[in-house]
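Letter 70 of the sequence shown, counting from 1, is numbered 70 in the working numbering, and no numbers are missing. Beta carbons are placed, not taken as given, at the ideal position from N, Cα and C, and that holds for glycine. Since we're looking at a predicted model, the values are computed, not measured. A short worksheet on the structure shown next.
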Amino acid sequence: MITNKNIDEVLKKQYFQEIKDFYKRNNSAEERISYIRDLYGHSGWGIPDKGDFIDGMHCDSSGIEFIKTNSNWKQETMKMKWNKVAERLQKIIENESQLSLF
């Protein structure tokens, strides 16, 4: 099963500092979505047999598809549209900020 933790780990891997900086300067949801979509572009990666982690990701104009191979060697996929990716990144950033207060 693809978990929220799996997704958060992937989203924090690549471009995270740039995204945090952009979010600090831009509050518009549309600008954030456009920025993230352009930043990721049409891309992807894959690392087979990653255990309980996402082992692949594919980005296109509609969003990000996360891929995880389960113990039966069947691939599970989950697609997030760019607006949901932008919201998820905002939550990750907010959670990080709250943790840094302690």
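Below 8 Å on the Cβ atoms is my guess for residue i versus residue j; work out the distance and round it to an integer in Å.
{"i": "residue 36", "j": "residue 86", "result": "6 Å"}
{"i": "residue 63", "j": "residue 79", "result": "6 Å"}
{"i": "residue 92", "j": "residue 8", "result": "6 Å"}
{"i": "residue 58", "j": "residue 44", "result": "4 Å"}
From what residue to what residue does the beta strand (DSSP E) around residue i run?
{"i": "residue 60", "result": "56-60"}
{"i": "residue 19", "result": "Premise fails: residue 19 lies in the alpha helix (DSSP H), 16-25, not in any beta strand (DSSP E)."}
{"i": "residue 7", "result": "Not the beta strand (DSSP E): residue 7 falls in the alpha helix (DSSP H), residues 4-13."}
Let me know the secondary structure DSSP gives residue i once reduced to three states.
{"i": "residue 97", "result": "helix"}
{"i": "residue 75", "result": "strand"}
{"i": "residue 53", "result": "coil"}
Less than 8 Å between the C-beta atoms of residue i and residue j, yes or no?
{"i": "residue 82", "j": "residue 19", "result": "no"}
{"i": "residue 90", "j": "residue 23", "result": "yes"}
Looking only at its own chain, which residues have a Cβ that is under 6 Å from the Cβ of residue i, when we skip the five neighbours before and after it?
{"i": "residue 69", "result": "55 and 75"}
Start and end of the alpha helix (DSSP H) containing residue i?
{"i": "residue 34", "result": "29-40"}
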